[in-house]
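For the record, in the sequence shown the residue sitting at position 158 is 212 according to my numbering, with numbers rising by one throughout. A virtual CB, placed ideally from N, CA and C, is assigned to each residue, including glycine.
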Amino acid sequence: MPLPPAPTKRASLLSTDAYDAPARSPSKAGRKTESTEVDQKLPVLDLFDNRSAGGASDHAEAYIAKAPSRPAKTGAVSYKKGSESVARPAAKPKKPKHIGPAKLFVLDTNVLMHDPMCLFRFEEHDIFLPMIVLEELDGHKKGMTEVARNARQTSRSLDALAGAQGADIGKGLKLDTTGHPEAGGSLFFQTKPLDYSLPLSLPQGKADNQILGVVEALRKEYAPREVVLVSKDINMRVKARALGLATDDYQNDKTLEDGDLLYAGSLPLPADFWTRQSKTIESWQQGSHTFYCITGPIVASLLINQFVFFEAPGEPPLYARVTEIRAKTAVLKTLKDYNHLKNAVWGVTTRNREQNFAMNLLMDPEVDFVTLAGTAGTGKTLMALASGLTQVLDDRRYTEIIMTRATVSVGEDIGFLPGTEEEKMGPWMGALDDNLEVLGKTDSGSGEWGRAATNELIRSRIKVKSMNFMRGRTFLNKYVIIDEAQNLTPKQMKTLITRAGPGTKIICMGNLAQIDTPYLTEGSSGMTYAVDRFKGWPHGGHITLARGERSRLADFASEVL
């Protein structure tokens with residue numbers, strides 16, 4: 055029996071009917087005739103064979119548009135030329151552009167020092183930098199602080215834009231020349247003196263007033279184009295509004311517009327949950343946990359590792375965590391009850407619903423990143439330390455506990471501290487000492503000597519580190535606690551989280567109502583940034599602790615003061 059003839063066309067270009075066609079005769083004439091017929095049916099073949107007509111992406115689009123007989127495919131469109139394969143990813147939906155003429159934004163120095171990448175975050179609008187801004191940047195570039203690093207990064211970005219091929223400062227520097235296609239505007243420098251007049255009550259030599267004068271001159275020169283001053287300084291914005299100038303805060307660093315929109319980590323189930331969903335709920339037992347597979351409209355609002363609870367008078371309560379979401383179904387897993395004394399963690403039992411949620415996250419080896427938010431006295435540090443000691447000393451899951459925090463003073467700075475790194479961090483770690491004292495008293499049956507030995511063992515497994523020396527490190531099988539995380543910027547938070555190596559768990563704790571870092575708000579804090587970015591990740595979890603358990607005095611003070 056002779057072998058079938060070699061294929062003359064790629065299978066991706068054949069219609070669905072061609073797959074069921076009978077075998078052809080080996081004659082060359084028949085093959086030639088059929089080839090001609092296929093070419094007539096699919097004229098788009100010329101687009102693929104003639105590569106000089108356009109780019110590969112144009113060819114793929116033309117083929118999709120002109121060959122309706124081929125089933126539509128989602129994802130990548132690929133074709134081959136010889137042994138080379140080119141794939142085109144699915145097109146992403148474009149962000150709607152700003153309607154109307156592009157604005158001209160004048161940036162204050164504090165915006166550049168707060169976010170060195172702000173130059174590329176104004177979409178299609180143009181940016182203007184007064185000369186006094188460059189002078190202030192030069193004055194802040196020295197040192198090892200975060201502000202100095204940002205000033206140096208901004209200077210490098212400006213140098214790269216000015217040194218790009220074809221750059222002309224007089225005509226404006228294209229912001230997309232250094233690999234930031236999202237920036238469609240241009241950057242303008244002040245290259246000539248501007249004519250402006252300010253009230254005599256504003257001293258002419260002050261930098262802020264010079265920037266206001268530049269905005270006033272640009273408003274007159276570019277009228278009716280809108281000129282807006284962008285500043286993180288509230289007083290600067292107030293003075294600009296008093297002079298009739300358009301001004302705004304830098305909004306691009308804010309993860310959330312309102313702190314109340316922060317992901318809470320838990321969700322109450324509706325009162326009619328069992329009655330409406332009872333026909334579609336499946337349940338099964340696995341070990342000590344019960345699983346529920348639910349459907350319905352509530353599934354669309356659930357996230358992985360989100361806690362759900364059902365509490366109603368006369369009915370048994372339900373406390374569960376979302377472990378799986380597929381299409382229109384979700385799987386709920388009941389929790390371990392750490393309120394009961396038999397499940398105490400290092401002698402500590404939880405006292406409310408949110409604390410039990412948090413302890414389930416802290417004790418789960420599959421959860422690598424946990425964020426705990428809450429006011430003073432909600433038990434964040436105590437639960438994190440208790441679960442850490444249990445998993446380090448009892449379970450041997452981690453080798454040691456590493457604790458750090460942002461060293462931002464509430465009051466006046468008391469100056470340099472003597473001693474080693476751990477001794478310098480000692481005054482900042484008063485919360486650690488207080489909670490270790492509580493945990494040391496939980497072991498009441500070993501006597502005074504036994505408690506002293508336990509405290510020494512605990513101290514040997516807890517290392518206090520400064521955030522200043524974290525860059526470049528990698529933590530292997532460590533239990534890392536980051537206290538006062540609300541005072542971290544998103545960049546600092548990223549630096550700390552990316553230190554995690556295999557087997558490491560990171561716990562971030564903080565109270566977003568107690569931010570002491572300048573220019574940081576609840577919406578732009580690094581903790582808010584981490585909570586928003588990690589929500590729904592299968593190996594991360596968050597819970598907001600709502601009720602204080604420190605004392606009745608502390609609870610009342612948190613409410614009324």
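- E378 is bridged by DSSP to V385.
- Nearest in C-alpha terms to G555, of all of R451, K532, Y317, T388, is K532.
- For H596, DSSP records a beta bridge to T425.
- In this structure, the straight-line span from the alpha carbon of T444 to that of W400 is close to 6 Å.
- Its chain contains M167, P170 as the residues whose beta carbon lies nearer than 6 Å to that of N204, once the 5 sequence neighbours on both sides are disregarded; these appear in chain order.
- Within the same chain, and ignoring the five residues on either side of Y304 in sequence, the residues whose Cβ sits closer than 8 Å to its Cβ are V165, H168, D169, C172, V284, S285, K286.
- Rounded to the nearest whole angstrom, the C-alpha separation of G590 and Q409 is 20 Å.
- Two segments are said to touch when three or more pairs of C-beta atoms, one from each, lie closer than 8 Å; by this definition the stretch 355 to 362 touches the stretch 370 to 388.
- The residue among M457, R604, M524, N541 with its C-alpha nearest the C-alpha of R515 is M457.
- Take F243, set aside five residues on each side of it, and the residues of its chain with a beta-carbon closer than 7 Å to its own are L183, I223, in chain order.
- Nearest in C-alpha terms to R513, of all of M581, K545, S578, L439, is L439.
- In this structure, the alpha-carbon of A296 lies about 49 Å from that of V518.
- Setting aside the 5 residues that flank it on each side, Q264 is surrounded in the same chain by P184, I186, Q258, each with a C-beta closer than 8 Å to its C-beta; the list follows chain order.
- Between the C-alpha atoms of T199 and R405 there is a straight-line separation of about 41 Å.
- The continuous alpha helix (DSSP H) containing L416 extends over residues 407 to 416.
- In this structure, DSSP gives H343 an extended state, which the three-state scheme calls strand.
- In the three-state DSSP reduction, I560 falls in the strand class (E or B).
- Runs of the beta strand (DSSP E) spanning 3 or more residues and lying entirely within the stretch 208 to 286 occur at 240 to 243, 281 to 284, in chain order.
- The residues K390, D391, T403, in chain order, have a CB closer than 8 Å to that of N397 in the same chain once the five nearest residues on each side in sequence are set aside.
- CA-CA distance, A611 to R604, rounds to 11 Å.
- When only Cα atoms are considered, S579 and Y317 end up about 14 Å apart.
- DSSP places L395 within a helical segment (H, G or I) once states are collapsed to three.
- Separation of G238 and K157 (C-alpha to C-alpha, rounded to the nearest whole angstrom) is 12 Å.
- When A261, S251, G602 are compared, the shortest CA-CA separation from G428 is found for G602.
- Around the beta carbon of L212, 16 or more other beta carbons lie within 10 angstroms, which makes this residue buried.
- In the structure shown, the three-state DSSP call for Y304 is coil.
- Comparing alpha carbon positions, the residue from F174, L357, D249, V534 closest to H596 is L357.
- The beta carbon of L395 sits closer than 7 Å to those of T403, all from its chain and outside the five residues before and after it, given in chain order.
- Judged by their CB atoms, V385 and F345 are nearer to each other than the 8 Å cut-off.
- Counted as a single uninterrupted DSSP element, the beta strand (DSSP E) harbouring L321 occupies residues 320 to 322.
- Judged by their CB atoms, T231 and A216 are not nearer to each other than the 8 Å cut-off.
- Taking every protein chain shown into account, the CB of G341 has fewer than 16 other CB atoms within 10 angstroms, so this residue is exposed.
- Classified as exposed, F523 has fewer than 16 neighbouring CB atoms from the shown chains inside 10 Å of its CB.
- The C-alpha of V585 is placed about 47 Å away from the C-alpha of P247.
- Under the DSSP assignment, D586 falls in the alpha helix (DSSP H) whose first and last residues are 580 to 588.
- For L323, the closest C-alpha among the options A366, F159, T528, A202 is that of A366.
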